[in-house]
Amino acid sequence: VARMTVLSELCIPLVKKHGVFLALKSSKGQEELEEARFAVGVLGGRIERVDTFDLPEDAGERQIVTIEKRSQTPKKYPRKPGTPNKSPLVE
Numbered sequence: 755v756a757r758m759t760v761l762s763e764l765c766i767p768l769v770k771k772h773g774v775f776l777a778l779k780s781s782k783g784q785e786e787l788e789e790a791r792f793a794v795g796v797l798g799g800r801i802e803r804v805d806t807f808d809l810p811e812d813a814g815e816r817q818i819v820t821i822e823k824r825s826q827t828p829k830k831y832p833r834k835p836g837t838p839n840k841s842p843l844v845e
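The sequence shown begins at 755 in the numbering used here and counts up by one.
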């Protein structure tokens with residue numbers, strides 16, 4: 755479990771160009787998504803869609819964020835362990 759900026763930096767570099775990265779987020783996903791939009795772009799990705807659904811038995815809401823990798827990630831990413839948490843990629 756990580757914020758979308760951190761999750762993007764750790765996962766997008768591992769996705770092949772034109773591949774897809776799916777992230778499962780809680781109901782706070784929309785605000786995290788706005789925060790992570792810059793990081794996703796820097797890493798070569800593009801947010802394609804966000805699907806929202808309710809869990810059974812009133813267990814809350816979740817979102818599946820679909821990110822397509824459009825270009826190669828710069829070689830300096832991902833950064834050393836712990837750095838994305840301490841210094842996230844934000845505008």
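The beta carbon of each residue, even a glycine, is placed where N, CA and C say it ideally should be.
Within the DSSP secondary-structure output, V819 pairs in a beta bridge with A777 and V804. Collapsing the DSSP output to three states places G795 in a helix.
Contact check for I821 and F792: beta-carbon distance about 13 Å, past the 8 Å limit, so the pair fails to qualify. Take the alpha-carbon of I818 and the one of I766: they are about 15 Å apart. Assignment of E763 by DSSP, reduced to helix, strand and coil, places it in the helix class.
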